Amino acid sequence: MRFAERLADIVGPANVLTSPADSAPYLTDWRRQYSSQALCVVKPASTAEVASVVRACAAEGVAVVPQGGNTGLCGGSVPSGLGREIVLSLARMNRIREIDVLNQTMTVEAGCVLSAVRQAASDAGRLFPLSLAAEGSCQLGGNLSTNAGGVNVLRYGMAREQVLGIEVVLPDARVWNGLRGLRKDNTGYDLKQLFLGAEGTLGVITAAVLRLHPMPTATTTAWIGLDAASRAVELLALLGESVGDRLSAFELISRDCLQAVLEKSPNSHDPLPAPHPWYVLAEFCDGGDDASLVARVEEALSRCVEGSVLQDAVLAQSRAQARALWAIRELIPEAQFTGVKHDISVPISKIAEFIELVGAELRLRFPQAKPYVFGHVGDGNLHYNVGPPGLLAEREAVNAIVYEIVAKLGGSISAEHGLGQLKREEILLRKDPLELELMANLKRVFDPRQIMNPGKVLSAKLFQK
Ligand SMILES: Cc1cc2nc3c(=O)[nH]c(=O)nc-3n(C[C@H](O)[C@H](O)[C@H](O)COP(=O)(O)OP(=O)(O)OC[C@H]3O[C@@H](n4cnc5c(N)ncnc54)[C@H](O)[C@@H]3O)c2cc1C
Numbered sequence: 075m076r077f078a079e080r081l082a083d084i085v086g087p088a089n090v091l092t093s094p095a096d097s098a099p100y101l102t103d104w105r106r107q108y109s110s111q112a113l114c115v116v117k118p119a120s121t122a123e124v125a126s127v128v129r130a131c132a133a134e135g136v137a138v139v140p141q142g143g144n145t146g147l148c149g150g151s152v153p154s155g156l157g158r159e160i161v162l163s164l165a166r167m168n169r170i171r172e173i174d175v176l177n178q179t180m181t182v183e184a185g186c187v188l189s190a191v192r193q194a195a196s197d198a199g200r201l202f203p204l205s206l207a208a209e210g211s212c213q214l215g216g217n218l219s220t221n222a223g224g225v226n227v228l229r230y231g232m233a234r235e236q237v238l239g240i241e242v243v244l245p246d247a248r249v250w251n252g253l254r255g256l257r258k259d260n261t262g263y264d265l266k267q268l269f270l271g272a273e274g275t276l277g278v279i280t281a282a283v284l285r286l287h288p289m290p291t292a293t294t295t296a297w298i299g300l301d302a303a304s305r306a307v308e309l310l311a312l313l314g315e316s317v318g319d320r321l322s323a324f325e326l327i328s329r330d331c332l333q334a335v336l337e338k339s340p341n342s343h344d345p346l347p348a349p350h351p352w353y354v355l356a357e358f359c360d361g362g363d364d365a366s367l368v369a370r371v372e373e374a375l376s377r378c379v380e381g382s383v384l385q386d387a388v389l390a391q392s393r394a395q396a397r398a399l400w401a402i403r404e405l406i407p408e409a410q411f412t413g414v415k416h417d418i419s420v421p422i423s424k425i426a427e428f429i430e431l432v433g434a435e436l437r438l439r440f441p442q443a444k445p446y447v448f449g450h451v452g453d454g455n456l457h458y459n460v461g462p463p464g465l466l467a468e469r470e471a472v473n474a475i476v477y478e479i480v481a482k483l484g485g486s487i488s489a490e491h492g493l494g495q496l497k498r499e500e501i502l503l504r505k506d507p508l509e510l511e512l513m514a515n516l517k518r519v520f521d522p523r524q525i526m527n528p529g530k531v532l533s534a535k536l537f538q539k
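Take a look at the structure:
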């Protein structure tokens, strides 16, 4: 019996895709940089089915590529072409298993789309704070496997911090049920942490117990014009002092990014009357009523105007206006789709230095270079993208400039998108060899036959010694 037919016995024939047309969307990544073949695409509907599929693959030495919404930006969710592979789509595992309002938790399957998870929490009067522009497509399993960040990290932390327990199908097909809803559990190594951010290289996450938060009752959104990127860091510190953790998002946007959105999207408008070289999109939330929060934020911003930390600011007057401000931020990745892209982090205090040093070095080496800088500056995370598209031919030289300065400032070459295939080799130059050795040793323990998402995160070079 052909392998695909054996898998069809497990999940049903309709849930094994073999034709090129049906499989195509699962074989190319979101940025269309990676594309390869798979024996088939398999869509199990339960943890037991995932385990049976993995068991069949392990027996045949076929590799398993877990896939959620396929919105990952490092080529982790598509086959790497290193051997016989299947794509394991979690899309049909999309049930909310339980919401425990008193425990402030929800138990969710990996294939739930992030916006549906947020909606289910909201329907129960709670907040699931993980939020990113791809939330209408990305899935919880993908979010946890990439340890996704997004716009609310400042107040609530990354995906990892939202997780109390997980259920995983291991590469040998055993199921680890770690679905505990405990905030305290000091019973040895915290194994779930190994699977969070592992990009599917250690096992398939099938479900998770997520931490919920009280739903803020007041929200206000500000668009702020600045004369220098360094002002954003000053502003962050000042707002932190005056509004504390009411500040939930703090996004830096360069004028060039705004300009790109205004040109590509005719429905967008410049929120301020005059242009500024830099902007911050900030969101504040709290219990209580909107009016009290707005008064507090206005007072904080006025103090910043007096100190010349900011040049101009506008507060959204309605939910629709707030949405329009956020739409500008969310449209940036698409507005300058082609270019040499980076997702870096440095200590927040070094953000402005990073922008200055990289800008100066790029101008020197590539006078035509045009940086598009935006990101979650409250987390020290910048998406530092460099156009024009012609510069893609110099990608390695541009990367070298950016990554050398990241290293000099004590930063990371992947703040929130992971390594996937994109940074698998680069990380060999950028991470402590001891850490890389420990990572390779963990892979050997969990997946000695290397069937789980091969060619991602860990370079083959780490296993040649
Ligand atoms: C417009 C846009 C905006 C974005 N904004 C952000 C942002 O602000 N912050 C951010 O962090 N990311 C962002 N991303 C990147 C992406 O959305 C996230 O990485 C997201 O978490 C990926 O989820 P996914 O379901 O699409 O995963 P996929 O792309 O399908 O997979 C990502 C990785 O996880 C693995 N994986 C998927 N599901 C499982 C599972 N169940 N078990 C084990 N491994 C699994 C895959 O093998 C792959 O290695 C953005 C992407 C786009 C397109």
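The opening position of the sequence shown corresponds to residue 75 in my numbering, with each subsequent residue numbered one higher. No residue lacks a Cβ here, since even glycine has one placed at the ideal position from N, Cα and C. Because the structure is a prediction, the values reported are computed rather than measured.
| Asked | Found |
| --- | --- |
| Residue range of the alpha helix (DSSP H) that includes TRP400 | 393 to 409 |
| Spatial distance of PRO522 from LEU516 (CA atoms) | 9 Å |
| Of the listed residues ARG234, THR275, LEU431, nearest to GLU490 (C-alpha basis) | ARG234 |
| Contact test: PRO421 Cβ vs ligand 1 heavy atom, cutoff 7 Å | no |
| N- and C-terminal bounds of the beta strand (DSSP E) containing VAL249 | 249 to 252 |
| Cutoff 7 Å; reference LEU228; Cβ partners in own chain excluding five residues on either side | LEU321, SER322, ALA323, PHE324, GLY452, ASP453 |
| GLU308 beta carbon less than 8 Å from that of VAL383 | yes |
| Span separating the alpha-carbon of ALA247 from that of LYS415 | 37 Å |
| Proximity of MET289 and LEU201 at Cβ, strictly below 8 Å | yes |
| Selection from PRO87, PRO118, GLN111 that minimises the alpha carbon distance to PRO94 | GLN111 |
| MET167 beta carbon less than 8 Å from that of ALA184 | yes |
| Burial state of ARG403 (16 or more Cβ within 10 Å) | buried |
| CA-to-CA distance, SER126 to LEU244, given in whole angstroms | 11 Å |
| Straight-line Cα distance separating ALA296 from CYS359 | 12 Å |
| Opening and closing residue of the beta strand (DSSP E) in which ALA387 lies | 386 to 389 |
| Span of the alpha helix (DSSP H), counted from its first residue to its last, around ASN217 | 214 to 219 |
| Any chain B beta carbon closer than 8 Å to GLY252 | In the displayed structure, chain B is absent; only one protein chain is listed. |
| THR412 CB to nearest heavy atom of ligand 1 below 7 Å | no |
| CB of GLY239 within 8 Å of CB of GLY224, strictly | no |
| Delimiting residues of the alpha helix (DSSP H) encompassing GLU468 | Per DSSP, GLU468 belongs to no alpha helix (DSSP H) and is neither H nor E. |
| Three-way DSSP call (helix, strand, coil) for ASP301 in this model | coil |
| GLY231 beta carbon less than 8 Å from that of ILE279 | no |
| Any 3 or more C-beta pairs closer than 8 Å across the segment 375 to 394 and the segment 427 to 440 | no |
| Candidates VAL476, GLY271, GLN385, LYS258: closest to ALA302 by CA position | GLN385 |
| Straight-line Cα distance separating ASP174 from HIS450 | 31 Å |
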